[in-house]
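Enquirer: Plus 1052 on top of the position in the sequence shown (first one is 1) and you've got this note's numbering. The beta carbon of each residue, even a glycine, is placed where N, CA and C say it ideally should be.
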Amino acid sequence: MSARPPLFTPFSLRGVTFPNRIVLAPMCQYQADDGAPNDWHVTHHGRYASSGIGGAIAEATGVTAEGRISPGCTGIYRDDHVAGWKRVTDLYRRQGIPSFLQIGHAGPKASTKRPWDGAGPLDDGSDEPPWQTVAPSAVPAREGWHTPRALDQSEMPGIAAAFAEGAKRALAAGFDGVEIHGAHGYLLHSFMSPWSNRRTDLYGGDLAGRMRLPIEVARAVRAAVPEGTPVLYRASCVDSAGGSLTLDDTVALAAELRAVGVDLMDCSGGGIPTGQRLAAQKPEPGFQVPYAERIRHETGLPTMAVGMITDPAHANAIVAEGRADLISMARQFLREPAWPYRAAQELGMEDPASILPKLYAFYLRIAA
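1. Considering only the beta carbon of each residue, do Pro1200 and Gly1261 sit closer than 8 angstroms?
2. Do you know whose CA, among Ser1248, Val1269, Val1191, Pro1150, lies nearest Leu1223's CA?
3. Provide the residue(s) that pair with Thr1164 in DSSP beta bridges, ordered along the chain.
4. Taking Ile1370 as the reference, which of Phe1339, Gly1400, Arg1394 has the closest Cα?
5. By alpha-carbon positions, which one of Gly1323, Asp1131, Ala1202 ends up nearest to Ala1225?
6. Given Gln1081, which residues of its chain have a CB within under 7 angstroms of its CB, disregarding the five upstream and five downstream residues?
7. Run through the DSSP bridge pairs and tell me what Ala1357 is partnered with.
8. How many Å lie between Ala1270 and Phe1152 at the Cα?
9. Would you report the Cα separation of Val1186 and Leu1240, rounded to the nearest angstrom?
10. Which residue marks the beginning of the alpha helix (DSSP H) containing Arg1146, and which one marks its end?
11. Going by CA-CA distance only, name the one from Tyr1238, Gly1067, Asn1072, Val1068 that's closest to Phe1060.
12. Decide if the segment 1244 to 1255 is in contact with the segment 1176 to 1196; the criterion is three or more beta carbon pairs, one per stretch, under 8 angstroms apart.
13. Would Ala1216 pass as a contact of Val1283 if the rule is Cβ separation under 8 angstroms?
14. Terminal residues of the continuous alpha helix (DSSP H) containing His1093?
15. Going by Cα to Cα distance, which pick from Phe1227, Met1208, Arg1286 is closest to Gly1237?
16. Give the single residue among Gly1210, Ser1296, Glu1279 whose Cα lies nearest to the Cα of Gly1257.
17. Could you spell out the range, first to last residue, of the alpha helix (DSSP H) harbouring Glu1373?
18. Along the chain, where does the alpha helix (DSSP H) that runs through Ile1347 open and close?
19. The alpha helix (DSSP H) spanning Phe1414 covers which residue range?
20. Under three-state DSSP, which class holds Asp1085?
21. Would you mind listing the alpha helix (DSSP H) stretches within the segment 1191 to 1228 that are 4+ residues and don't spill past its ends, in chain order?
22. To the nearest whole angstrom, what separates the beta carbons of Pro1364 and Ala1395, a pair I think is in contact under 8 angstroms?
23. Cutting at 7 angstroms between CB atoms, please list the residues of its own chain near Asn1368, excluding the five before and the five after it.
24. Are Tyr1144 and Gly1087 close, meaning C-beta to C-beta below 8 angstroms?
25. Go through its chain and collect everything with a Cβ distance to Arg1221's Cβ below 6 angstroms, but skip five positions before and after it.
26. Could you check which residue in Arg1139, Met1263, Ile1324, Thr1116 has the C-alpha nearest to that of Val1312?
27. Please classify Arg1286: does DSSP put it in a helix, a strand, or coil?
28. Cα-Cα, which of Thr1164, Asp1315, Ser1320, Pro1392 is closest to Thr1302?
29. Nearest to Arg1066 by alpha carbon, out of Ala1193, Val1230, Ala1304?
30. According to DSSP, is His1241 helix, strand or coil?
31. Output yes or no for whether 8 angstroms exceeds the beta carbon distance between Thr1126 and Ala1084.
This is how it looks when you write it as structure tokens:
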């Protein structure tokens, strides 16, 4: 009997086991009803619950109404949001796949139009009214965007509490854990980056000040959930071109997050300053893997690699070489929901259909 490819070996965090290392990355759907997920979200996640993935992270979900990216984004700031998410988590639980909710606050990049309407800031001519955004400093995310209100120091405990309450609601909805969104120019990333954080109080200045709110949020979330619940953190490990957050900064953040009980860092990048879309930059496959590798090796914190990882052999090598513990994908799954099955075939896994639901596996075996 041949050994399983590393990509298809299990991985555990606090007793929650991923049957393999392939994770569905969070993808905003912009289809919610006043923050509540609906039939579309069930349809979206249903594609992947039967695909053979090892884990799933649901989209960036606001811990406050004003923390949503757009009016169509999901929320977890009211108790009536729980039922809609329960329909999603049931899909994954029936297949033995752990699911996580990405909880976040969009900060200076909130109050925006949906991507197909241009993704710019809402304005008085929009179908839905704009709202006041907040940030560490009154620095627009991009030239011509709305100017956020600088948060008062007295508001910081409320931000951490909103994340904690969101985490508790996520577990009530059946998620196995949460991922704190600290990437892509949203609120927590905007505190980390010197480009957007011009504060001179306890929450700005040197790295210790700039990472204070992300650590307070992580500590509050950790305290709000049971000991056996994994807490993940998605980070932009570096800023976009023109920004000033460095990988050294993020390695230091990862060490502090590990100390307060975060279990894994999801290693992304960019978002400050808001500029050219990633697709237009034509990055190399796996261009963010070095972030995951360095953080994993220097801090001991498990990591997840993301970004242009589409080839099964490449994904398998990343895990086999100890560069990251998990691999996540988004757009590749839109193109090819059955990617895990193809990967199992190409990597020579014995009985590749075994990663699928029993009915699918039965018919694929007899058709082989």
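Expert: Based on what the coordinates show:
1. no
2. Pro1150
3. Pro1173
4. Phe1339
5. Asp1131
6. Trp1092, His1093, His1096, Glu1111
7. Cys1319, Ile1379
8. Rounded to whole angstroms, Ala1270 and Phe1152 show a C-alpha spacing of 15 angstroms.
9. 11 angstroms
10. Segment 1134 to 1146, the alpha helix (DSSP H) holding Arg1146.
11. Asn1072
12. yes
13. For the pair Ala1216 and Val1283, the CB atoms are not nearer than the 8 angstroms cut-off.
14. 1091 to 1101
15. Arg1286
16. Selected option, being the one with the closest Cα: Ser1296.
17. That residue, Glu1373, is in no alpha helix (DSSP H); it is neither H nor E in DSSP.
18. 1341 to 1351
19. 1410 to 1419
20. strand
21. 1208 to 1224
22. 4 angstroms
23. Answer for Asn1368: Pro1057, Pro1058, Leu1059, Leu1399, listed in chain order.
24. Contact flag unset, no.
25. Ile1128, Val1134
26. Met1263
27. In the structure shown, Arg1286 falls within a strand segment according to DSSP collapsed to helix, strand and coil.
28. Comparing Cα-Cα distances from Thr1302 to each of Thr1164, Asp1315, Ser1320, Pro1392, the minimum goes to Ser1320.
29. Val1230
30. helix
31. Taking a C-beta distance under 8 angstroms as the contact criterion, Thr1126 and Ala1084 qualify as a contact pair.
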